[in-house]
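Notes to accompany the following structure.
There are 2 protein chains.
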Amino acid sequence: MTTGAQEEVKRRPLVGFLGPKASYSHQATLQSFPEYEWDLTPLVTIPDIFAAVQAGDVAYGVVPFENSTNGSVVFSLDCFADRNRLYPDIAVCAEIYLDVHHYLVGRLPPSSVSCPASTAIPTTGGVPFSPAEDNAGSGTRTPTESEPHPPTPRAHPRADLSHIRRLYSHPQAWGQCTAFLSTYLKGVEAVDVSSTSRAAELVAADPTGTSAAVSSAVAAQLHGIDVLAECIEDRPDNTTRFFVVRKESISPSAERAGVDGRNGAAPQRDVSAELGHPLSTTGGGKGAKTKSLVSFTVPHEAPGALADVLGCFRRFELNLTSINSRPSLVKPFQYVFFVEFQGHKFRDPEERVKGVLEAVGEVAETWRWLGSWDDQRAVSLS
Amino acid sequence: MTTGAQEEVKRRPLVGFLGPKASYSHQATLQSFPEYEWDLTPLVTIPDIFAAVQAGDVAYGVVPFENSTNGSVVFSLDCFADRNRLYPDIAVCAEIYLDVHHYLVGRLPPSSVSCPASTAIPTTGGVPFSPAEDNAGSGTRTPTESEPHPPTPRAHPRADLSHIRRLYSHPQAWGQCTAFLSTYLKGVEAVDVSSTSRAAELVAADPTGTSAAVSSAVAAQLHGIDVLAECIEDRPDNTTRFFVVRKESISPSAERAGVDGRNGAAPQRDVSAELGHPLSTTGGGKGAKTKSLVSFTVPHEAPGALADVLGCFRRFELNLTSINSRPSLVKPFQYVFFVEFQGHKFRDPEERVKGVLEAVGEVAETWRWLGSWDDQRAVSLS
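Taken in sequence, the protein lines are chains A and B.
Going by UniProt numbering, the first sequence opens with residue 1, and the numbers climb by one from there.
Going by UniProt numbering, the second sequence opens with residue 1, and the numbers climb by one from there.
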């Protein structure tokens, strides 16, 4: 028997996301964890999320894993690599895709009202110019040797940007808006901050009105600042994939297995289905696509070990959907490898996932199962 | 017959490196291309180097490829991915390893003379404190939930750092100096610039003396600024690997093969040896270790294609030494894969490299040989 208060806690478990509020992680989290059912908690860094899940402070954590334009989020890969064994029990239980639209947000120029995009005057480096002096007025850039065909930005500023002296954003955002930024804000100082939402917050707090941020429309709204340009991302199909992580181990033996870096054999049931996680309801029916993540290292004195590990997946006919590597930090130019493949550890009627994990365990130096989940874009990528 | 001037040009070909002068790329370049034999030219970006080599403006280009702490340099991977087919003829012909030591450089505090490390007063966020108020005085940080055992910096400042309000460096450098920066300069604004040498230049130009850079000792010397702390990198074995690239194709047919993204069958001889490149002199004797790089994409509608390509290397017993992937930018979550393996296209007596390239060509959607070179650290990594 539990008390009403305990039941209330059980019905509204905590979910940690990469804050602050209004970040893209927040938006992704809301897609799967609506606020009327879950208590959402912003955390400061990706390692903070892993630590909070490991400590049991939150039931789930939502972390960005890869962006379709920029590639992998190395901070998340480094947490999954778990070189210092801080997160032995953490595994992925779901994925979330979020279409990412970046906005240039800030203060309109002092003496201006918002002007329509067609009459906006682009600038370079904060120095105003007339379209006759440069071809950026047409939204194109001067071709250079390294960029004979510079990409044309998809968006135009809503207002003159010549008052902008500093830009704030998350490092990943710059690489997703190169055409717009190099056309309209070339040479303006770019300052990395921990999130796009934090960038909007800094702009809101700047009394000079000369800073701008690359962030979401939601962040601009939250902080009461103006939208200077909409959808400034290079590609219309700019998408970020997030992972939902949680503590997987459910028994002391599983915890021990996790701590020694070999928890591949640990929990033998689908905790996700038991918890009734909203993203696990497709249940393993025929045709349901699933994916799993494993990490491994190979003995560097054994030639061919990397190919041997990858050969295991081929032997069990499990399709690889992505491969990543990060420095092992044990010795220079040794790596932790990450392989994502189709299959689910707990819905494995033909025991192919069980088979491949055993086979990997025989040839890898260390390895770790890092989760299984429903494929939210049931398309084979390999 | 050639004139003396032409001979002079031939004897001193141009080498492009990632500038400005005194960058780590410059140091790496000097290791292989001494200035008495080669004319070294600083270029602004990694794409600029690829473009200059492709255009024939320089004979060789030197680009950073991976760091032992931070991992791959995605800008270089993206150039090798060559999604817009700007660099069809470029291939790697050599690798250079450089031990990287980062220095904190700037101006000593206004009223100070350099004080020995043992009496230096560490600061946080530019606000001076006494060791009694915080434990950073011992060179350690307060443990947090996400970092229960924060790493201890290996270096101590030579002087008080409380006047430092802004830090400049290349994005990769921050991740290599986390212990020092988060202990002694926590909260100080960090500004990304294009190179560590450029960072030192900005510091030299700042009349307030309140900015500092993470750069090389050479850059500090070049720009006449002070060393505030030595060897602030997290790891004593911090090493960057550079690739030397050059234009490989030597015939119109090879150029055509390159343009269509399938230049694997192009030049059938070791141009490097002919040019007498200093890094190609080990010649293919027995026991000489060599490496090659290929990129490929796989048809996303063909399950198992990635495993099939990787299986080729296993079949021909060619050891994989690293794997990377980058977004293909054709469709979200499709990738360009990069595989480095042991073997040399032009020193291939058993024709295993020839065999594997043919086999890859049969299963990959697109593929490209990206160079072969002597392994400068003849240790198998896989």
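Built from N, CA and C at the ideal position, the CB exists for glycine as well.
Against chain A, the CB of Ile323/B has a partner CB under 8 Å away; the residue lies at that interface. Note that the C-beta distance between Phe313/A and Ser325/A is not below 8 Å. A direct Cα-Cα distance of roughly 31 Å separates Ser197/B from Val339/B. Going by DSSP, Ala94/B is part of the beta strand (DSSP E) stretching over Ile90 to Asp99. Under the 10 Å beta carbon count, Ala205/B is surrounded by fewer than 16 other beta carbons and is classified as exposed.
Any Cβ of chain B closer than 8 Å to the Cβ of Asp82/A would place that residue at the interface, and such an atom is absent. It is roughly 24 Å from the alpha-carbon of Gly56/A to the alpha-carbon of Pro151/B. Taking a C-beta cut-off of 9 Å against chain B, the contacting residues of the stretch 182–216 of chain A are Glu189, Ala190, Val191 and Asp192, listed in chain order.
In the three-state scheme derived from DSSP, where H, G and I count as helix and E and B as strand, Tyr184/A is classed as helix. For Cys231/B, the CB contacts under 8 Å within the same chain, skipping 5 residues up- and downstream, are His101, His102, Tyr103, Arg154 and Ala155 in chain order. Within the UniProt domain "ACT" (294–372) of chain B, the runs of alpha helix (DSSP H) at least 4 residues long that lie entirely inside it are, in chain order, 305–315 and 352–363. Check the Cα spacing between Tyr24/A and each of Pro64/A, Leu310/A and Arg165/A: the tightest is with Pro64/A. Look at Arg198/A here: in three-state DSSP terms it is helix.
Under the 8 Å Cβ criterion, the stretch 87–96 of chain A counts as touching the stretch 368–378 of chain A, having at least three qualifying pairs. In the structure shown, the three-state DSSP call for Tyr36/B is coil. DSSP, reduced to helix, strand and coil, places Leu30/A within a helical segment of the structure shown. In the three-state reduction of the DSSP assignment, Thr45/B falls in the coil class.
In summary, Tyr60/A is buried, with 16 or more beta-carbon neighbours lying within 10 Å of its beta-carbon over all protein chains present. Note that the C-beta distance between Gly106/A and Ala213/A is below 8 Å. Rounded to the nearest angstrom, the Cβ distance from Ser195/B to Leu18/B is 7 Å, consistent with a contact under 8 Å. Across the structure, Ala52/B and Phe50/A are spaced so that their CA atoms are roughly 44 Å apart. Straight-line spacing of the CA atoms in Val15/B and Asp39/B works out to 6 Å. Taking the CA atoms as reference points, Trp367/A sits about 18 Å from Pro303/A. The beta carbons of Ser292/A and Lys345/A sit closer together than 8 Å. By the rule that beta-carbons nearer than 8 Å mark a contact, Ser68/B touches chain A. For Pro64/B, the secondary structure class from DSSP, reduced to helix, strand or coil, is strand. A Cβ of chain A is located within less than 8 Å of the beta carbon of Leu329/B. The Cβ-Cβ distance between Pro42/B and Pro20/B falls below 8 Å. Gln176/B sits close to Asn70/B, with the two beta carbons spaced by under 8 Å. Contact annotation: Ala190/B and Leu161/B have beta-carbon atoms that are not nearer than 8 Å.
Residues of chain B whose Cβ lies closer than 8 Å to the Cβ of Thr239/A are, in chain order, Pro332 and Phe333. The three-state secondary structure of Thr240/A, taken from DSSP, is strand. Neighbours of Phe337/A in chain B, taken as residues whose beta carbon is under 8 Å from its own, are Ile323 in chain order. In this structure, the beta-carbon distance from Val188/B to Ile164/B falls below 8 Å. Linking Ser215/A to Asp78/B through their CA atoms gives a straight-line distance of about 25 Å. Chain B places a beta carbon closer than 8 Å to that of Phe313/A, counting this residue as a contact.
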